[in-house]
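Chains as they are written, first to last, in my numbering: chain A, 1 to 372; chain B, 1 to 372.
Protein chains: 2
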Amino acid sequence: MSASATRVGILGGGQLGQMLGLAAMPLGIECVFYDPAPDAPARIAGRHLAAAWDDSAALARFAESVDVVTFEFENVPAESLAFLAGIRPVHPGVRSLELTCDRIREKEFLRATGVPVQPFAPIGTRAELDLALAAVGPHGVLKTRSLGYDGKGQRVVRAASELEPAWNALGRTACIYEAFVPFDREVSIVATRALDGSAVVYPVVDNLHTQGILARSVAPAAIPPTIARDAENYARRVLDALGHVGTLALEMFVADGILIANEIAPRVHNSGHWTIHGARTSQFENHMRAVAGLPLGDAGMPEFAAMVNLVGGVPETAEILAIPGASAHLYGKAPRPGRKVGHIGIVAPSRETLLARLADAEHLARRVNRLA
Amino acid sequence: MSASATRVGILGGGQLGQMLGLAAMPLGIECVFYDPAPDAPARIAGRHLAAAWDDSAALARFAESVDVVTFEFENVPAESLAFLAGIRPVHPGVRSLELTCDRIREKEFLRATGVPVQPFAPIGTRAELDLALAAVGPHGVLKTRSLGYDGKGQRVVRAASELEPAWNALGRTACIYEAFVPFDREVSIVATRALDGSAVVYPVVDNLHTQGILARSVAPAAIPPTIARDAENYARRVLDALGHVGTLALEMFVADGILIANEIAPRVHNSGHWTIHGARTSQFENHMRAVAGLPLGDAGMPEFAAMVNLVGGVPETAEILAIPGASAHLYGKAPRPGRKVGHIGIVAPSRETLLARLADAEHLARRVNRLA
């Protein structure tokens, strides 16, 4: 058996990196975080190299100090990633990042992979506005092609006349115009693929977004088994088609009993935080196992689980932990409106109990959250 | 609601400290480890202050840098602890440490608390050898009164004539002579008491020792519910009688359907490592919650769990993780015979599956373990 990686370089040092680092330590894996911010939350869970994304000397030093490189932040400049890939293996592959950092290519990839997507069209010029309206219709969402997250860089369009103003508001930059999906539910599925191509898929979760930011996830989603099986199949297709190594999330809508894929996050994802206490192996541990070349762990869940985000503010830790089945995850970030600063994990032996505890956690979160 | 502690000083920086530190980070608690060893395993999970146990300037600096002090190592000099207690609250209390670092006082305490113990007698002088033989009988175990762990400082006595040679072998130091208990099982129970006096008790576990070192634990123990209830009652009595704040373990024998208490570990314990993946809240997290003044978490277990120690050697991480339901905990210690360097956690949805996985893990451990 060949030796697995024991030093993993992680691009990005936010809370996702912090949770990756915490999962890595028991495995005997040392993490090195590359993040320009001197107060990167992940610095407590490994070594921290604070340098700019385009500092090739620092990038080289970083790569040479580890066995393999991964990322928790997908807006790493493509050139930096290519540079690193010349020094050490980068998992997930550069392909996963390239295909998901451009919303047009991402949707084309999903469609080609056999995963249903809503109608969409690129908008890069004034002329394309009319073509897009014809293809997609007057009710849609205009998004920048790249660099969006947590609802940033998006505008809802409710009439043909609103499209150009929306494009103006986004700076007439390269965009994607997607048909609005009148969805019944927002769901996501998190899955991990190992270096040997084997994969594990977590149960589908129900998500709720508020002002474009994930507010809470509930696992497993209250959906028919046929839809859950479709979601798992889609996740496996995406993993295999990307040749992905590590964890990813596929966000989807359920509309009229059909899944419509919305986007891929080529990394551990907020809608998978419940796996820390709710699944037999967390999404973070499985990501570390995958990129280090180790066998994956069981993605099943013994009970019911949920997650509530703390955005822009945190309650007293004691208030969180007074909720039965609750765990606190505080990222050590200074609270600012719209900034994810922690989350509450909840487990329960029944769905009814889970929903009661979830209501308490959401009540607490609403009291402190400042979304904007 | 008063603010909970966010900086916790931990005396000792071994693997127990490391696991406490990992449990503390998501709670937003920063740990400072006091340990003379420059390569203390816990150093990766917080700040590390490397100084001698009797360095009062360093101890003062340590105490002043935190809100509360706890320990993961019970052989801290009593004077050092008293000194620290003059600067910051020490949890569990000094009483927990005083009563458990002397095996005679510990047994007297247990008896007084209504927890059954085997016959025992002190041996400090030549004259006490005969008194002890008369009280305890010719089949017993001679142990040093203090500073023993992992079977060190112990001699089995099988005939009256063996007692004095055994005492000689232990350097004619202050000892306790305990009647040998012809036990059916070795069990233990881990429990945590909060600052407000509330307590949670984990399920009883079955333990197996090899050459005095814990080899494996299985949870829950395959014992009748009446015995499990007795064990829980004893744990609660001990917690309350000590005024303990934090986690402790009570090791017991089951002999003829009766529990006989063997010893108290006034800290997180090796027989509770299964709680990391097997219980809804780990013994480490509950210890940190308790000493920080936070509400305790659910000590129940949704499935079945076990733990296998790695002593003196580690297999390839991939070999551990290839066992379904297995997690790896490697402490980052240089392997030496008799030294605990890691453990394998196992969870399973049924006892049968657990025992099959456990057999695989024990097979792996036996291949690499070097006990002496």
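We put the beta carbon where it would ideally sit given N, CA and C, even for glycine. Just so it is clear, the structure is predicted and the values come from calculations on it, not from any experiment.
Residue-chain proximity (V347(B), chain E), Cβ-Cβ < 8 Å: Going by chain labels, chain E is absent from the structure shown, which instead holds the protein chains A and B.
Short Cβ contact (8 Å threshold) for E72(B) with V268(B): E72(B) places its beta carbon less than 8 Å from that of V268(B).
Exposure of K340(A), with buried meaning 16 or more beta-carbon neighbours within 10 Å: Classified as buried, K340(A) has 16 or more neighbouring CB atoms from the shown chains inside 10 Å of its CB.
Integer-rounded CB distance, given that A231(A) should sit under 8 Å from V204(A): Going by Cβ atoms, the distance from V204(A) to A231(A) rounds to 5 Å, so yes, they are a contact pair.
Residues from the segment 96-108 of chain A in contact with chain B, defined by Cβ distance under 7 Å: Listed by position, the residues of the segment 96-108 of chain A near chain B (Cβ gap below 7 Å) amount to none.
Three-state class that DSSP yields for L180(B) in the structure shown: The question names Leu, but residue 180(B) in the sequence shown is Phe. Residue state, collapsed to three classes: coil.
Reference E186(A); option with closest CA among D256(A), F120(A) and V238(A): Distances from the CA of E186(A) to each of D256(A), F120(A) and V238(A) were compared; the closest alpha carbon is that of D256(A).
Residue interval of the alpha helix (DSSP H) (run including P225(B)): Per DSSP, P225(B) belongs to the alpha helix (DSSP H) from P225 to L242.
Residue environment, V238(A), which counts as buried when at least 16 other CB atoms sit within 10 Å: The Cβ neighbour count for V238(A), taken over all protein chains shown within 10 Å, is at least 16; the residue is labelled buried.
Short CB-CB distance (under 8 Å) between A166(B) and chain A: Output row for A166(B): interface = no.
Straight-line gap, A245(A) to W274(B) (C-alpha atoms, nearest Å): The amino acid occupying residue 245(A) in the given sequence is Val; Ala does not appear at that position. Taking the straight line joining both Cα atoms gives about 29 Å.
Minimum length 4: unbroken alpha helix (DSSP H) runs contained in the segment 64-142 of chain B: Runs of the alpha helix (DSSP H) spanning 4 or more residues and lying entirely within the segment 64-142 of chain B occur at 78-85, 94-100, 103-112 and 126-136, in chain order.
Contacts that H329(B) makes with chain A (C-beta to C-beta distance below 7 Å): Those within 7 Å of H329(B) in chain A are P26.
Enclosing beta strand (DSSP E) for Q283(B) [first to last residue]: Counting along the chain, Q283(B) falls outside any beta strand (DSSP E), though it belongs to the alpha helix (DSSP H) covering Q283 to A292.
C-alpha distance - A40(A) paired with V90(B), whole-angstrom precision: Taking C-alpha positions only, A40(A) is separated from V90(B) by approximately 32 Å.
Nearest-angstrom Cα separation, counted from A159(A) out to N309(A): Their Cα atoms are separated by approximately 33 Å.
Residue environment, R336(B), which counts as buried when at least 16 other CB atoms sit within 10 Å: Burial check for R336(B): the Cβ neighbour count within 10 Å stays below 16, so the residue is exposed.
Among R105(A), D67(A), E74(A) and K107(A), nearest to R88(A) - alpha-carbon criterion: Nearest of R105(A), D67(A), E74(A) and K107(A) to R88(A), Cα basis: D67(A).
Where the alpha helix (DSSP H) containing R367(A) begins and where it ends: Per DSSP, R367(A) is one residue of the alpha helix (DSSP H) stretching across R351 to V368.
Neighbourhood of R370(A) by C-beta distance below 6 Å, restricted to the same chain and skipping five residues each side: Apart from sequence neighbours up to five positions away, the residues of its chain that approach R370(A) with a beta-carbon distance below 6 Å are G312, G313 and P337, ordered along the chain.
Per-residue contacts from S4(A) into chain B (C-beta, under 8 Å): From the beta-carbon of S4(A), the residues of chain B found nearer than 8 Å are E316, T317 and A318.
Close Cβ partners of P38(A) (< 6 Å) along its chain, the five nearest in sequence each way excluded: A50, listed in sequence order.
Neighbour list for L294(A) in chain B, Cβ cutoff strictly below 8 Å: Those are T317, A318 and L321, listed as they occur along chain B.
For Q211(B), the first and last residue of its enclosing beta strand (DSSP E): Here Q211(B) belongs to no beta strand (DSSP E), and DSSP marks it neither H nor E.
Residues near P36(B) in its chain [Cβ-Cβ closer than 8 Å; skip 5 each side]: Residues A50, A51, A52 and W53 of the same chain have their beta carbon placed closer than 8 Å to that of P36(B), with the five preceding and five following residues left out of the count.
The segment 17-27 of chain A in contact with the segment 96-109 of chain A per 3-pair CB rule at 8 Å: Taking 8 Å as the limit for Cβ pairs, the verdict is that the segment 96-109 of chain A does not touch the segment 17-27 of chain A.
Separation of A42(B) from G14(B), as counted between CA atoms: In this model, G14(B) and A42(B) are separated by some 6 Å (Cα to Cα).
Spatial neighbours of L355(B) in its chain, beta-carbon cut-off 7 Å, leaving aside the 5 residues before and after: The answer is none, since no qualifying residue turns up.
CB contact below 8 Å: L22(A) versus chain B: For L22(A), the answer is yes, since a Cβ of chain B falls inside 8 Å of its Cβ.
Whole-angstrom distance between L364(B) and A306(A), CA atom to CA atom: Straight-line Cα distance between these residues: approximately 36 Å.
Beta-carbon proximity of E30(B) to R61(B), cut-off 8 Å: Taking a C-beta distance under 8 Å as the contact criterion, E30(B) and R61(B) do not qualify as a contact pair.
Beta-bridge partners of L296(A), as assigned by DSSP: In DSSP, L296(A) forms no bridge with anything.
Other residues of its chain near R280(B): CB distance less than 6 Å, five sequence neighbours each side excluded: The residues D298 and G300, in chain order, have a CB closer than 6 Å to that of R280(B) in the same chain once the five nearest residues on each side in sequence are set aside.
Per DSSP, the bridge partner or partners of A305(A): Per DSSP, A219(A) and V347(A).
Cβ pair A345(B), S327(B) closer than 8 Å: This sequence places Gly at residue 345(B); Ala is not what is there. Result yes, Cβ atoms of G345(B) and S327(B) sit closer than 8 Å.
Residue range of the unbroken beta strand (DSSP E) whose run includes A326(A): Taken as a continuous stretch (DSSP letters only), the beta strand (DSSP E) holding A326(A) covers A326 to L330.
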